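Reading through the structure tokens given below for one structure.
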Amino acid sequence: MQTGIVAALILTLVLPILRPELQQTTPLHHVDIVATDYAYVAPSSVPAGMTAFRLVNRGTHPHEVQLFRFKPDVSARTARAYLVAGNVPDSAADESGGVLIAFPGVTAHEELLVSLVRGERYALMCQFRDAPGKPQHTALGMVALLEVR
Ligand SMILES: [Cu+2]
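Residues 82 to 230 in this note's numbering are what the sequence shown lists, from first letter to last.
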């Protein structure tokens, strides 16, 4: 093996140890979002910090959770109104976020890792339909607001 390759390998292995910003300084919180037909069972508030969200589907239909952050100037009341309407305007949401999908009876293998900051509000939404022409699950109650305390 060439010296350069060995050096690169060692750097790759050692670099994370040398970079303190990559080290975990706070515990990782785990939050399960349980999907049913048609609601979320999830905490309404969660503590700040690095958090791994998981989607557990206890329903009989495929469900998703779109998790995204509201902009700071969107009040809890306004956020709830958008969610109940099943339509959050782009201007009210941050560009960060992610989606988890789980089939019936399945827990999604992926997790969403989010650094939560106190005072933030997040939306949970499922826009799936059981069939074309059927209502989106948001209209059936699959929306939730999550506040960071
Ligand atoms: Cu759904």
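Beta carbons are placed, not taken as given, at the ideal position from N, Cα and C, and that holds for glycine. Everything numeric in this text was worked out from a predicted model, so none of it was measured.
_Alpha carbons only, please: which of 109, 121, 153, 230 is nearest the one belonging to residue 199?_
Cα-wise, what sits closest to residue 199 is 230.
*Have a look at the DSSP bridge pairing and note the partners of residue 138.*
Among the bridge pairs identified by DSSP, residue 138 is matched with 116.
*asked:* So the candidates are 216, 186, 214; which of them puts its Cα closest to the Cα of residue 140?
replied: The shortest C-alpha separation from residue 140 is found at 186.
_Quick check on the burial criterion: 16 or more other C-beta atoms within 10 angstroms. Buried or exposed for residue 218?_
When all chains shown are included, residue 218 counts as buried.
*Within-8 angstroms CB hit, residue 115 to chain C*: Considering every chain present, this structure includes no chain C. It has just one protein chain.
*Beta carbon of residue 241: closer than 7 angstroms to some heavy atom of ligand 1?*
Nothing can be reported for residue 241, as the shown portion of the chain is limited to 82 through 230.
*Burial state of residue 236 (16 or more Cβ within 10 Å)*: Because the chain is modelled from 82 through 230, residue 236 falls outside the range shown and cannot be assessed.
*In angstroms with no decimal places, state the Cα-to-Cα distance between residue 204 and residue 137.*
About 17 angstroms.
*Check whether the Cβ atoms of residue 147 and residue 178 sit closer than 8 angstroms, and answer yes or no.*
Result yes, Cβ atoms of residue 147 and residue 178 sit closer than 8 angstroms.
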